[in-house]
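In this note's numbering, the protein residues as written are 1031 to 1247.
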């Protein structure tokens, strides 16, 4: 792609006049690396009455643009239908890339199949599980963590896919099943063997650390 022109942002309240030199500014490859590697992204849209709306999405940087999916009844989808202007932000605020642009709905199913391959390929973790199904799952909050050890099993029954997709959709919103089918994705079930829990907020942290052993099937 043709790299965008680099310049300093407009900063009217700066204590001193910004230099006109571009020395020290970040390169576009630096921004691309963060756009490509971010796992979560912030998306800001405007409600029809002008109020802002901020939400998190998963997405990918592909073919010189940011791509994401969402359900047609979500607030951001409704906002974009009225006003396509939006702002995308990468997940790490201390190394952030903020992207302003116009969102366009893509209805071409052939493009869906292409983006699905980028969005949900046969990932490294799927390849690892094919060799060794032992895995460890951890919840997101380290100060109130639950750590689960178990065996991952790939589920290929499409009727089960439909059931888990409904559960997934209720939790995350949107509709994951079309993307999963188009990408020839993988669905895994982790059968728990051992779990650990720890809560830093308890009065006696060391006394509250817990282990649960699951009976063998």
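Think of the CB as a built atom: it goes at the ideal place given N, C-alpha and C, for glycine as much as any other residue.
With three or more CB-CB distances shorter than 8 angstroms, the region 1087-1096 counts as touching the region 1058-1078.
Minimum Cα-Cα distance from residue 1103 among the listed residues 1174, 1115, 1051 and 1200 corresponds to 1200. Per DSSP, residue 1203 has no beta-bridge partner at all.
When C-beta atoms of the region 1188-1199 are compared with those of the region 1078-1090, fewer than three pairs fall below 8 angstroms, so the two segments do not count as touching.
In the structure shown, the three-state DSSP call for residue 1181 is strand. Listed in chain order, the non-local C-beta contacts of residue 1034 below 7 angstroms within the same chain comprise 1058, local neighbours out to five positions each way being set aside. DSSP links residue 1074 through a beta bridge to 1084 and 1117. Inter-residue distance for residue 1140 and residue 1107 is about 21 angstroms (C-alpha atoms, whole angstroms). If you draw a straight line from the Cα of residue 1159 to the Cα of residue 1185, it is about 12 angstroms long. Residue 1175 is positioned such that its CB atom lies closer than 8 angstroms to that of residue 1228.
Rounded to the nearest whole angstrom, the C-alpha separation of residue 1244 and residue 1237 is 21 angstroms. Your pair residue 1218 and residue 1182 checks out as a contact, with CB atoms roughly 5 angstroms apart and the cut at 8 angstroms. A check of alpha carbon separations from residue 1167 across 1180, 1161 and 1062 identifies 1180 as the nearest. Between residue 1086 and residue 1109, the C-beta spacing is not below 8 angstroms. Residue burial annotation: residue 1145 is buried, with at least 16 other C-beta atoms found within 10 angstroms of its C-beta.
A distance of 8 angstroms or more separates the beta carbons of residue 1101 and residue 1116. The C-alpha of residue 1242 is placed about 10 angstroms away from the C-alpha of residue 1177. Taking C-beta separations shorter than 7 angstroms and ignoring five residues to either side along the sequence, the partners of residue 1169 in its chain run 1175 and 1176, following chain order.
When the five nearest sequence neighbours on each side are left out, the beta carbons in the same chain lying within less than 7 angstroms of the beta carbon of residue 1164 are those of 1181, in order along the chain.
For residue 1210, the closest C-alpha among the options 1143, 1157 and 1118 is that of 1143. Contact check for residue 1088 against residue 1118 fails: the beta carbons are separated by 8 angstroms or more. Separation of the CB atoms of residue 1096 and residue 1129 is rounded to 6 angstroms, and the pair is thereby assigned contact status at 8 angstroms. Here residue 1036 is not near residue 1062, since their CB atoms are 8 angstroms or more apart.
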